[in-house]
Structure formats: structure tokens, C-alpha cells
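This report refers to the structure that appears directly beneath it.
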């Protein structure tokens, strides 16, 4: 068979059209959503954190570790204690991620407070942008997740995360991070950290739910996200966040 | 040659790339199902109150009313699934109360906190305080 370049491009174009038609069919017949009762399109998850309510007890850290089998020495969430002296770099400590709370601070003359940290569930997430294999992604309901079967463990995302929220799981050798307890929130439950926060300092919120208290919270309080200059579209909002917090 | 390469590419792609890849974005949507199918460890406060009426009554009227049962007693989803086979242990009171109530300048000023050693000289908190409804 004698094919000209024009014929080859014509046949190639037709094959591509067929392939894309196949993809469209796949979209229609594709994977089921997390559960039949849960509609991803109805939610856009995030969290609000009231720093003035955090007592640094570490209940969130322990609950997260138990709920998600987080290996010892690694953290999906942790709590930092800031001790700020005027004109100096703040002192920051987080012994074992605050898994066992904090020892009493020796300095009582400093501005001190606790800051719970976790994945900020960025809408424009740097970790997603750098993943070379599509293993980390933002779900349709706004949660940044990792597909363990695709993750190569290259750790580009660990470097890209401006908040230090990712680690390489020592046994699985894939990247692990806070899933905002996706297995719980898709069942109508709150996250393990929010469930176990004794003072209500952390609250799971759904920005798409008009009845969610987050709307009133954002309207009535001065809130800030961590590192706003990174333009990551972070969805973890902190009330009364001090400028010393990094 | 080019046509052959294209056919081979499409054939390999059809085998290697999952059928539903790209449904919601550049990722495998089956991962959503896998992640959401994981089992829970914490059953939730409401589950405990369904059986433990007496504790619910005492706890609900006290200063710890907003503290979830599992915050102190640990994850109890297995217990709610099979209460007799998975009996929870009592909390480690010596450390449990201290984590929240040990005096620290970083804690909110209105939150109840004490220098535990000076306050109790090593006695366990529940020697005097009822943990489900502590009185100051």
C-alpha cells in the first residue's frame, strides 16, 4: 500500500477522533462516586481554626494518628507553640508534633499561643502541579488527595508544599498527607481532629452549603490563611492569626 | 512507519491507562472510591450516647459536655460495631487531664488551668473531680 503524508495525517486524525470518542464514552460510563448518597458536586470542603480556642492538648494529633494509622514520628496534623518576643525571631516548638501536649513553657513574659497545622487543601495546589504522574490531585469536592497506586514516591510534591504537610510513608514508600478524613466526610461525619478537639478550635466547613456556620464566621471575624502571598488558594482559615506565624 | 507507531501507541495506551482516567481531571477517579472506602476508627459522640444513658446525662450537663467521649476514651468504632468483643480501656488519667489543664502561658486566658503538681501533689485528678462532670 502506497500512502502519502496527507493520507497518513488523515488516518491519524480519524484515529485520534475515535480515541477521543472512546474517552467521552468512558466519562459517561466511568467510576462511581465515593458513595451513592454523597454528591461531590454539592461540597467544597475546608476548615476554620480559632487560634484563641486552641489549648495545645494534642487531641487532634492523636486522633488523626489513630484514625489514619499515621506512622510514629510522622504527622498529618500537628500543633506548634509560638512564643514571640518583640523584635526577635519567634520561638516555635512542637514536641513530637504535640502528640502528648506540651511541657509548660518556661517563659511567661512572652506573647504565646498555639497554632494547629495541617494540609491547607489548596484549590491551586503546588503539590498537584508538580506531580509528574497524576497521583496527587484536587477532588471535585476540594480535597487534595494522593492515589497510592500511582504515586512513585519521587517527593516533588513534598518539596513543593509550602506548608510542609507531606511526607514519604516509611512502609508504603508513597507520599502521605492529610485527606481531611475523606473516608469520614463522605459518610457524613466530621474529621477525626475536629471530632476530638475538646474546645471546638477546629471545625470542618463546607463552603458550598449555604447553611454552614462558616459563612457567618468569615463575615464576622478577621481571618487569614497561612502564607497568603503563595496564592495557593488555601481553604484552612485561621481566626486572629498573628503575623509571626510562618 | 508513523501510522504503525501511532497504532502501537494507542494500543499501549488503551491497556496501560485505566478506562476512567481523566473523568474529573488528570488523575484516576477510582482513587476517590478507594480512599472513601477506608473504615473509620472514631464512631462519633452521638453513637456513644445512644447506649450510655447515665453517662450521657451526667456528661451532658457539665463543663465537659462539648468534649467527645472518644477524646478521652480513644477510638471506639469497633466497640460500637461489637460492644462485647471490644471493651475500651479506662483512660490514663495521670496524663489525660494534664494535657488539657496543665498551666501554660500559651493557653487561652479564660481556660481552666492549674499547676498540677502544686495543685494535687501527685494525686490523680479523679480522686476529687468527677471527669464526666467536673466541679471546680
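Protein chains in written order, with this note's numbering: chain W, 1 to 246; chain V, 247 to 382. Ideal placement from N, C-alpha and C gives every residue a C-beta, glycine not left out.
Beta-carbon separation (whole angstroms), residue 217 of chain W vs residue 46 of chain W, contact threshold 8 Å: Rounded, the Cβ-Cβ distance is 11 Å, inconsistent with contact.
Buried/exposed call for residue 373 of chain V, threshold 16 Cβ in 10 Å: exposed
Can you name the residues of chain V whose CB is closer than 9 Å to the CB of residue 239 of chain W? Within 9 Å Cβ-Cβ: nothing; residue 239 of chain W doesn't reach chain V, min ~12 Å.
Which one of W:63, W:243 and W:127 has the shortest CA to CA distance from residue 227 of chain W? It is W:243 whose Cα lies nearest to the Cα of residue 227 of chain W.
Say whether chain W places a C-beta atom closer than 7 Å to the C-beta of residue 346 of chain V. For residue 346 of chain V, a Cβ of chain W is located within less than 7 Å of the residue's own Cβ.
Closest Cβ-Cβ distance between residue 337 of chain V and chain W: below 7 Å? Interface criterion not met: the Cβ of residue 337 of chain V is under 7 Å from no Cβ in chain W.
Can you tell me the Cα-Cα spacing of residue 328 of chain V and residue 181 of chain W, whole angstroms? 23 Å
What does the alpha-carbon distance come out to for the pair residue 148 of chain W and residue 369 of chain V? 48 Å
Exposed unless 16 or more other CB atoms sit within 10 angstroms - verdict on residue 61 of chain W: buried
Should the region 70 to 82 of chain W be called in touch with the region 316 to 336 of chain V, which here means at least 3 C-beta pairs below 8 Å? Output reads no: the region 316 to 336 of chain V does not touch the region 70 to 82 of chain W.
Per DSSP, the bridge partner or partners of residue 113 of chain W: Answer is W:82, bridged to residue 113 of chain W.
Tell me the start and end of each unbroken alpha helix (DSSP H) in the region 148 to 232 of chain W that is at least 4 residues and wholly inside, in chain order. 156 to 160, 182 to 185, 192 to 196 and 214 to 220
Let's see if you can read the secondary structure: which residues bound the beta strand (DSSP E) around residue 91 of chain W? 91 to 93
Please list the residues of the region 251 to 280 of chain V that have a C-beta atom closer than 7 Å to any C-beta atom in chain W, keeping them in chain order. 252, 256, 265, 266, 268, 269, 270, 271, 272, 273, 274, 275, 276, 277, 278 and 279
Residue 255 of chain V in three-state terms, based on DSSP: helix
Looking at the secondary structure, which residues open and close the alpha helix (DSSP H) in which residue 339 of chain V lies? 339 to 347
So what does residue 50 of chain W bridge to, in DSSP terms? W:239
I want to verify the contact list: residues of chain W whose CB lies under 7 Å from the CB of residue 324 of chain V, in sequence order. Simply none; closest approach about 11 Å.
Just by C-beta distance, which residues in the region 70 to 85 of chain W are closer than 8 Å to chain V? 81, 82 and 83
Where does the unbroken alpha helix (DSSP H) through residue 145 of chain W begin, and where does it stop? Premise fails: residue 145 of chain W lies in the beta strand (DSSP E), 144 to 146, not in any alpha helix (DSSP H).
Whole angstroms are fine: how far does the CA of residue 261 of chain V sit from the CA of residue 318 of chain V? Residue 318 of chain V and residue 261 of chain V: Cα-Cα distance of roughly 50 Å.
Quick check on DSSP: helix, strand or coil for residue 118 of chain W? strand
Verify the CB distance criterion: does residue 313 of chain V have a CB-CB separation below 7 Å to chain W? yes
For residue 146 of chain W and residue 239 of chain V, the rounded distance between their alpha carbons: Since the first and last residues shown for chain V are 247 and 382, residue 239 of chain V lies out of range.
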